[in-house]
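Residue numbers (full-length UniProt numbering): 1 to 218.
For glycine and all other residues, C-beta sits at the position ideal for the given N, C-alpha and C.
None of these values were measured; they are calculated from a predicted model.
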């Protein structure tokens, strides 16, 4: 027999949401009670659904059964794979309603919207500095702890930021990815390139306002 929405046989008594069967209703009600009966035996995390626990446990085993057919990258669950595949298709279904930017992931849109609102929900308990993302807070906290988890495999230097290690490794390889489009001189850092590029310009006054002018054109 077809279930009609107006019969509402599986309706949540907390929020009025209607579910298709009793087991889904029970799982939904755990949102209100905070109950998470499925406990990971490797760490302290717990979940409302056994399927969520199963996905989580793959982070401990390293199992990644879902493979991208474009670049062979693998993922622990199919939702991660689908999000990744958007990098190949260029699909960006999540549009910002404040500007023209769009994103492939909903979480990226959420972070971006905080830039419009100025919201910084993650605060350091040591110095009260606030951050947009949890990962930025964790990186910042290493300043207080002195932790430097990113070790150079060429020398004994270590860094608290992965980006700093990446820059440091370029000193060993001699890589200089930032090239001047005027004289083709290359630099390790983007900031060094910007400083250098000012040597190609001069400030002139055109009778109305001060402007930057390319020296090679004057």
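Notebook entry, point to check: What span of residues does the beta strand (DSSP E) with residue 201 cover, start to end?
Noted result: 201-205
Check: Can you tell which of 123, 96, 124 and 125 has the C-alpha that lies nearest to the C-alpha of residue 111?
Finding: 96
Check: Less than 7 Å separating the beta-carbons of residue 22 and residue 38?
Finding: no
Checklist line | Simplified DSSP state of residue 129, which is helix, strand or coil | finding: coil
Check: So residue 94 and residue 109 are in contact, right, with Cβ under 8 Å, and what is the actual spacing, rounded?
Finding: 4 Å
Next item on the list: Please confirm whether residue 179 and residue 186 have their CB atoms less than 7 Å apart.
Entry: yes
Next item on the list: In angstroms with no decimal places, state the Cα-to-Cα distance between residue 50 and residue 17.
Entry: 22 Å
Notebook entry, point to check: Counting Cβ pairs closer than 8 Å, one from the region 137-144 and one from the region 111-125, do we hit at least three?
Noted result: yes
Next item on the list: With distances taken Cα to Cα, identify the nearest neighbour of residue 171 among 152, 161, 181 and 182.
Entry: 152
Next item on the list: Give the range of the alpha helix (DSSP H) segment to which residue 141 is assigned.
Entry: 134-145
Notebook entry, point to check: In terms of DSSP beta bridges, what is residue 66 paired with?
Noted result: 75
Item checked: Residue environment, residue 104, which counts as buried when at least 16 other CB atoms sit within 10 Å -> buried
Notebook entry, point to check: Whose C-beta lies closer than 6 Å to the C-beta of residue 32 among residues of the same chain, with five residues either side of it excluded?
Noted result: 14
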